[in-house]
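Chains as they are written, first to last, in the numbering used here: chain A, 435 to 785; chain B, 399 to 691.
Laid out in structure tokens, this is it:
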């Protein structure tokens, strides 16, 4: 019997490449995702175009500089609303940005939150006490207090972590609370308790509370994105923790933090509901002063309120004014978001 | 002795070698000078480290001597980096880390409650595994450490430390360029320059070459040999050949598994030649001959 030798690899005829064939699942998926984008953008475009058609005729420099009027639509303008919104933004930014940044830095860089961190804090306290005891430096009441302090440390290490987690989760939850709830809070806190009247100041503070969680969350992300090796490098050179954070971590995180802050501002500028709750549907004819120091005496008024006011009128001319107001508001929002994107693209670093 | 900004590194070193380190016998039994005349920089006694509840390192006792290169070797997870970070209190930064036992620096307990860890770190510089320049210019990278320590970052000083780190010729024309534009090896030498710039006495290196190519590694090893004249160097390395090439003394760490978990212990500590040619511990022998790890 003859043995047939297997063909050597280079002798075997290679199989030809397969021809293309349809993959229906792929095509279907492709169509579905594309369709979703078209539907989403389509609605937005429809909305924008219809407002553009209605409002473009009314939009002019006169519209931006004339006072508000509820009687005569031909001379009614957007000045009061624009100025009101500007002052509101100044107050909101002034309060929410520093607070939000500071809270984010504390939570990311200084707060001992985890169980391990808290056990470490207590251990260090205990060690320090032991050394002082060995040297006979501590006795009597101070010793008793120091012992208590160590015990508190270990106790907190046991019960603290879930509390910390609850606080952290709630910061995230706060960002999702409907804005009208913040209006109720602002009305109670700033108008009733603090007695700020239904002013721009009360409105600005309410918006600040509203965007604070958004700023904290975005800033924490930005701080976390800076590798810890940067901070360690600074500390290893003899910098204090604070110097390391302020001079190295913060500058590196700032573009991200600013992006978050600007996006939070663009959220605040479009809010109507909390302002309606705080200030009611007022209609001011007085032009608000641009000086934020006077904001406590200025009636609460802003772009979304003016748009709401005009849109609920019966006469068609007022609807055109509302459309023009919406265009100004959208323009401002686009400008803010564009700034945020530019900062992100220009300064973001890949580590 | 506070260093005035005008004193150069050389003056300082001369001044220090005349000084006898203050003896604090009540906190330390380790004599700062051994019988053969070597100065003890770090005396460690039963150093144990925990991260949270987990033990990372147990009962390490060894002395580190002045103007020597001491290598710490051993398999992953043996606690050699953890030990290194005890020597300049970098473990303070890790939430939950705690150090027990005695680490003395020139005879003084480094972990005594009144000791300022910031001053300790300034005198004990550190270079990390991955080059970690600040996201700034080369000049600013060097100036930062100088400024926080009250040293004026003059052009002259910057040139001096860059020369010392053998980087000057490569970067002299681009001092204001972003440090991230440098190659990995150059970045690591910049980090060494940055550490030297604050005029430390000791330089701790945590696997300084593990992210570098062989040529950059060679450059850094050369640099270490020159730096030994003026500094005390402790280096953690995965690379046994590197330890054999550059170090005077080698500590071999290993992993111990017990009911307390997996943690590092010191297996053997001796002159580098002794460790590599005639180790006394079976675990060291197994490791250096490649039978384990």
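We put the beta carbon where it would ideally sit given N, CA and C, even for glycine.
Mind listing the chain B neighbours of residue 681 of chain A? Cutoff is C-beta to C-beta under 9 Å, in chain order. What residue 681 of chain A touches in chain B: 532, 542, 545, 546.
According to a CB-to-CB cut-off of less than 8 Å, which residues of the segment 442–456 of chain B neighbour chain A? Listed by position along the chain: 448, 449, 450, 451.
Suppose the cutoff is 8 Å on Cβ atoms and the five residues either side in sequence are ignored; what does the same chain contact list for residue 780 of chain A look like? Same-chain partners within the cutoff: 689.
Would residue 536 of chain B and residue 501 of chain B be called neighbours here (beta carbons separated by less than 7 Å)? Cβ distance not < 7 Å, so residue 536 of chain B and residue 501 of chain B don't count as in contact.
Measure the alpha-carbon distance for residue 671 of chain B versus residue 662 of chain B and round it to whole angstroms. Their Cα atoms are separated by approximately 23 Å.
Between the alpha carbons of residue 449 of chain A and residue 471 of chain A, how many angstroms are there, rounded? Approximately 42 Å, taken between the alpha carbons.
Within chain A, the residues that residue 488 of chain B reaches when beta carbons sit closer than 8 Å: Chain A residues near residue 488 of chain B: 666, 669, 670.
Between residue 500 of chain A and residue 742 of chain A, what straight-line distance do the alpha-carbon atoms span, to the nearest angstrom? Approximately 18 Å between the Cα atoms of the pair.
Report the neighbours of residue 546 of chain A on chain B: residues whose CB is nearer than 9 Å to its CB, in chain order. Near residue 546 of chain A (Cβ distances below 9 Å), the residues of chain B are 493, 494.
If you follow the beta strand (DSSP E) that residue 655 of chain B is in, where does it begin and where does it stop? Per DSSP, residue 655 of chain B belongs to the beta strand (DSSP E) from 647–656.
Evaluate the contact criterion for the segment 644–656 of chain A versus the segment 606–623 of chain A: three or more CB pairs, one atom per stretch, below 8 Å. Short answer: they touch.
Cβ neighbours of residue 539 of chain B in the same chain (closer than 7 Å, five flanking residues each side left out): So the qualifying residues of the chain are 531, 532, 577, 588, 592.
Could you tell me whether the Cβ atoms of residue 696 of chain A and residue 770 of chain A are closer together than 7 Å? Cβ atoms of residue 696 of chain A and residue 770 of chain A: closer than 7 Å.
Secondary structure at residue 419 of chain B, three-state DSSP: helix, strand or coil? With a pLDDT of only 41 at residue 419 of chain B, under the threshold of 50, the placement of this residue in the model should not be trusted, and no figure is reported.
Take residue 494 of chain B as the anchor and find which of A/557, A/512, A/526 has the nearest alpha-carbon. Minimum Cα distance to residue 494 of chain B is reached at A/557.
If residue 458 of chain B and residue 674 of chain A are in contact, beta carbons under 8 Å, what's the gap, nearest whole angstrom? Not really, about 28 Å apart at Cβ, beyond 8 Å.
If you count every other CB in all the chains shown that lies within 10 Å of the CB of residue 483 of chain A, and 16 or more means buried, which is it? Residue 483 of chain A is exposed by the Cβ-count criterion.
Whose CA, out of B/527, B/556, B/528, lies closest to the CA of residue 541 of chain B? It is B/556.
Examine chain B for any beta-carbon lying closer than 7 Å to the beta-carbon of residue 551 of chain A, and answer yes or no. Chain B contact via Cβ: present.
Roughly how many angstroms lie between the CA atoms of residue 560 of chain B and residue 552 of chain B, to the nearest whole one? Near 12 Å, if we compare the C-alpha coordinates of residue 552 of chain B and residue 560 of chain B.
Starting from the Cα of residue 758 of chain A, find the closest Cα among A/469, A/512, A/459, A/458 and give me that residue. Of the candidates A/469, A/512, A/459, A/458, the residue whose Cα lies closest to the Cα of residue 758 of chain A is A/512.
Cβ atoms of residue 497 of chain B and residue 447 of chain B: under 7 Å apart, would you say? Taking 7 Å as the Cβ cut-off, residue 447 of chain B and residue 497 of chain B qualify as a contacting pair.
Start and end of the alpha helix (DSSP H) containing residue 661 of chain B? From DSSP, residue 661 of chain B is part of no alpha helix (DSSP H) but of the beta strand (DSSP E) over 659–669.
Comparing alpha-carbon positions, which option in B/666, B/482, B/675 lies nearest residue 670 of chain A? Taking only the C-alpha atoms, the option nearest residue 670 of chain A is B/482.
Contacts that residue 677 of chain A makes with chain B (C-beta to C-beta distance below 7 Å): Near residue 677 of chain A (Cβ distances below 7 Å), the residues of chain B are 546.
With DSSP as the reference, label residue 724 of chain A as helix, strand or coil. Coil.
For a cutoff of 7 Å on Cβ pairs, would you count residue 404 of chain A as touching chain B? Residue 404 of chain A lies beyond the range of chain A shown here (435 to 785); nothing can be said about it.
Identify whether residue 426 of chain B lies in helix, strand or coil by the three-state DSSP scheme. Residue placement at residue 426 of chain B is flagged as unreliable, the pLDDT there being 42, under the threshold of 50; the coordinate-derived value follows with that caveat. In the structure shown, the three-state DSSP call for residue 426 of chain B is coil.
Endpoints, beta strand (DSSP E) assigned at residue 500 of chain B: It spans 495–503 - the beta strand (DSSP E) in which residue 500 of chain B sits, taken as one unbroken run.
Within a Cβ cutoff of 6 Å, which residues of the same chain sit near residue 425 of chain B, ignoring the five residues on either side of it in sequence? The predicted model places residue 425 of chain B with a pLDDT of 40, which falls under 50 and marks its position as unreliable, so this point remains unresolved.
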